[in-house]
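Written below as structure tokens is the structure these notes are about.
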Amino acid sequence: MTPHARPGPAPGDVRVAAHFGEFLQGRLGPDGPVALVTLPCAALAAHATRRPGPFALHQPGPRALTAMVAARFLAALGLPRRGRFVLRLDMPPGGGAGASTAARVALARAAGQRDPDAIARACLVSEGALDPVMFAAPAQRLWASRAARTLALLPPPPRFDVLGGFFGPMRRTDPRDGAFPDIADLAAAWPAACAQPARAAELASESARRTLALRRPGADPTEALARRFGALGFAIGHTGAARALLFTPGTVPEAARSAMREAGYRNILCFRTGEG
Numbered sequence: 024m025t026p027h028a029r030p031g032p033a034p035g036d037v038r039v040a041a042h043f044g045e046f047l048q049g050r051l052g053p054d055g056p057v058a059l060v061t062l063p064c065a066a067l068a069a070h071a072t073r074r075p076g077p078f079a080l081h082q083p084g085p086r087a088l089t090a091m092v093a094a095r096f097l098a099a100l101g102l103p104r105r106g107r108f109v110l111r112l113d114m115p116p117g118g119g120a121g122a123s124t125a126a127r128v129a130l131a132r133a134a135g136q137r138d139p140d141a142i143a144r145a146c147l148v149s150e151g152a153l154d155p156v157m158f159a160a161p162a163q164r165l166w167a168s169r170a171a172r173t174l175a176l177l178p179p180p181p182r183f184d185v186l187g188g189f190f191g192p193m194r195r196t197d198p199r200d201g202a203f204p205d206i207a208d209l210a211a212a213w214p215a216a217c218a219q220p221a222r223a224a225e226l227a228s229e230s231a232r233r234t235l236a237l238r239r240p241g242a243d244p245t246e247a248l249a250r251r252f253g254a255l256g257f258a259i260g261h262t263g264a265a266r267a268l269l270f271t272p273g274t275v276p277e278a279a280r281s282a283m284r285e286a287g288y289r290n291i292l293c294f295r296t297g298e299g
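For the sequence shown, the working numbering assigns the number 24 to the initial residue and increments by one for each residue that follows.
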């Protein structure tokens, strides 16, 4: 498909699944690119609807985009500034759950653009950093988030039951932020770990530890909660507030949700990843 695929002829109603932080994120070598393996979350999504008419953008909930940003994004895709769009988010902006990117992908698809490579390039121009939620099986890519480029294709991740929430202040990703630890060793070990849930959770936990040590030393209770409730490990939004406990499917304790709430986590949810 060409970079600017031909728009579809009809208005669309679109749902784009988000992510919930990342299994891994950091630099590939001390001066290497920022790379990640996203943690998909089908329970959260951006929803967009387009109807005929002059250009307008209505966001009944959290605002992910201004009308001007949305119009420029459509123009970058070679799409006309036309149509009445309604954009809704299941997740808060700044949480590390992909609100900004999923909103743009939903807008593009509702306008008729389906080419994931073209959408990724337009997202890069518009926001400067992105997870690969515009692709099928986004967790099967080692992704250069500041270049919108796949560095390697990966096996499917293990199945986990994920208990997650948002901890601390919401913080939108700054594409100029270069404060990431070196995870070259973790990225190299990840493909083999995809067949070993405990090992994959261990790698995700180490990626989270390295980022927290750099950004929030001593201020995050997620690892302690993972240990308390027998999780295989934990994951975080490396530039946002998302926090996730990674459990063997069917083993999430009933008390874990209330314990997270008491510890200050918000918008707590449980979902399964690693399926399809």
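Ideal Cβ positions, reconstructed from N, Cα and C, are used throughout, including at glycine.
Problem - Terminal residues of the alpha helix (DSSP H) in which Thr-245 lies - result: For the purposes of this step, residue 245 is taken as the residue at position 222 of the sequence shown. Unbroken alpha helix (DSSP H) run through Thr-245: 245 to 251.
Problem - Three-way DSSP call (helix, strand, coil) for Pro-75 in this model - result: In the sequence shown, the residue the question calls residue 75 occupies position 52. Strand.
Exercise for the section: Keeping to the same chain, check which residues put their C-beta closer than 6 Å to that of Pro-195; ignore five residues upstream and five downstream. Expected result: Mapped onto the sequence shown, residue 195 falls at position 172. For the record, residue 195 in the displayed sequence is Arg; it is not Pro. Only Gly-117 meet the Cβ criterion.
Practice task
Jot down the residue ranges of each uninterrupted beta strand (DSSP E) in the stretch 210 to 291, minimum 3 residues, whole runs only, in chain order.
Solution key: 256 to 259, 265 to 270
Practice task
Find out if the Cβ-Cβ distance for the pair Ala-207, Gly-52 is shorter than 8 Å.
Solution key: Here the question's residue 207 lines up with position 184 in the sequence shown. Here the question's residue 52 lines up with position 29 in the sequence shown. Their beta carbons are under 8 Å apart, which means Ala-207 touches Gly-52 by this criterion.
Exercise for the section: Specify, as a first and last residue, the run of the alpha helix (DSSP H) that Ala-141 falls within. Expected result: The residue given as residue 141 occupies position 118 in the sequence shown. Looking at the DSSP string, the run of the alpha helix (DSSP H) that includes Ala-141 is 139 to 150.
Problem - For Arg-105, the first and last residue of its enclosing beta strand (DSSP E) - result: The residue you call residue 105 lines up with position 82 of the sequence shown. Per DSSP, Arg-105 belongs to the beta strand (DSSP E) from 105 to 112.
Practice task
Quick one: grab the DSSP three-state call for Asp-36.
Solution key: For the purposes of this step, residue 36 is taken as the residue at position 13 of the sequence shown. Of the three classes helix, strand and coil, the one that applies to Asp-36 here is strand, per DSSP.
Problem - Simplified DSSP state of Thr-124, which is helix, strand or coil - result: Taking the first residue of the sequence shown as 1, we reach residue 124 at position 101. It is helical.
Problem - Nearest candidate by alpha-carbon position, reference Ser-281, set Glu-150, Ala-264, Phe-252 - result: As a working note, residue 281 is residue 258 in the sequence shown. Among Glu-150, Ala-264, Phe-252, the Cα nearest to that of Ser-281 belongs to Phe-252.
Exercise for the section: Report yes if the C-beta distance between Phe-257 and Cys-64 is below 8 Å; otherwise report no. Expected result: Residue numbering aside, residue 257 sits at position 234 when the sequence shown is read from its first letter. Residue numbering aside, residue 64 sits at position 41 when the sequence shown is read from its first letter. Result no, Cβ atoms of Phe-257 and Cys-64 do not sit closer than 8 Å.
Exercise for the section: Would you mind sorting Arg-74 into buried or exposed? The rule is 16 or more other CB atoms within 10 Å of its CB. Expected result: For the purposes of this step, residue 74 is identified with residue 51 of the sequence shown, where counting begins at 1. It is exposed - the Cβ of Arg-74 has fewer than 16 other Cβ atoms within 10 Å.
Practice task
Look at the alpha carbon of Gly-297 and the alpha carbon of Thr-89, and state the distance between them as a whole number of angstroms.
Solution key: By one-based count along the sequence shown, residue 297 stands at place 274. By one-based count along the sequence shown, residue 89 stands at place 66. Cα-Cα distance, rounded: 34 Å.
Exercise for the section: Could you name the residues that DSSP lists as bridge partners for Pro-116? Expected result: Your numbering for residue 116 matches position 93 in the sequence shown. DSSP, once it has assigned bridges, lists no residue as partnering Pro-116.
Handout entry: Touch test, the stretch 174 to 191 against the stretch 267 to 282, Cβ-Cβ under 8 Å, three pairs minimum
Key = yes
Practice task
Return helix, strand or coil for Val-92, following the three-state DSSP convention.
Solution key: Locating residue 92 in the sequence shown gives position 69, counting from the first residue. Note: Val-92 maps to helix in three-state DSSP.
Handout entry: N- and C-terminal bounds of the beta strand (DSSP E) containing Arg-169
Key = Taking the first residue of the sequence shown as position 1, residue 169 is located at position 146. Where Arg-169 is concerned, there is no enclosing beta strand (DSSP E), given that its DSSP letter is neither H nor E.
Handout entry: Selected residue, minimal CA-CA separation from Ser-123, among Asp-36, Val-92, Ala-215
Key = Locating residue 123 in the sequence shown gives position 100, counting from the first residue. If we check each option's Cα against that of Ser-123, Val-92 comes out closest.
Problem - Euclidean distance between Cα positions of Ala-218 and Pro-181 - result: Start at 1 with the first residue of the sequence shown, and residue 218 comes out as number 195. Start at 1 with the first residue of the sequence shown, and residue 181 comes out as number 158. In a straight line, the C-alpha of Ala-218 is about 6 Å away from that of Pro-181.
Practice task
State yes or no: is the C-beta of Phe-43 within less than 8 Å of the C-beta of Val-60?
Solution key: Within the sequence shown, numbered from 1, the residue matching residue 43 stands at position 20. Within the sequence shown, numbered from 1, the residue matching residue 60 stands at position 37. Taking 8 Å as the Cβ cut-off, Phe-43 and Val-60 do not qualify as a contacting pair.
Practice task
Please go through the same chain and pick out, in chain order, the residues whose beta-carbon is closer than 6 Å to the beta-carbon of Leu-235, but skip the five residues on each side of it.
Solution key: Taking the first residue of the sequence shown as position 1, residue 235 is located at position 212. Excluding residues within five positions, the ones whose Cβ falls inside 6 Å are Asp-243.
Practice task
May I ask you to report which of helix, strand or coil DSSP gives Gln-48?
Solution key: Position 25 of the sequence shown, counting from 1, holds the residue named residue 48. It is a strand residue.
Exercise for the section: Give me the Cα-Cα distance between Asp-154 and Gly-76, rounded to the nearest whole angstrom. Expected result: If you number the sequence shown from 1, residue 154 lands on position 131. If you number the sequence shown from 1, residue 76 lands on position 53. Cα-Cα distance, rounded: 31 Å.
Problem - From Ala-66, Ala-58, Arg-111, Ala-69, residue whose alpha carbon lies closest to that of His-81 - result: One-based indexing of the sequence shown puts residue 81 at position 58. When only C-alpha atoms are compared, the closest one is Arg-111.
Handout entry: Cutoff 6 Å; reference Arg-148; Cβ partners in own chain excluding five residues on either side
Key = Your numbering for residue 148 matches position 125 in the sequence shown. Looking at the sequence itself, residue 148 is Val, so the reference to Arg does not match. Correct list, in chain order: Ala-99.
Problem - Straight-line gap, Ile-291 to Thr-262 (C-alpha atoms, nearest Å) - result: Start at 1 with the first residue of the sequence shown, and residue 291 comes out as number 268. Start at 1 with the first residue of the sequence shown, and residue 262 comes out as number 239. If I take the Cα positions, the gap works out to 19 Å.
Problem - Whole-number beta carbon distance between Cys-146 and Ala-171, since they are thought to touch under 8 Å - result: Residue mapping note: residue 171 aligns to position 148 of the sequence shown, counting from 1. Residue mapping note: residue 146 aligns to position 123 of the sequence shown, counting from 1. About 7 Å separates the two Cβ atoms, so the contact holds.
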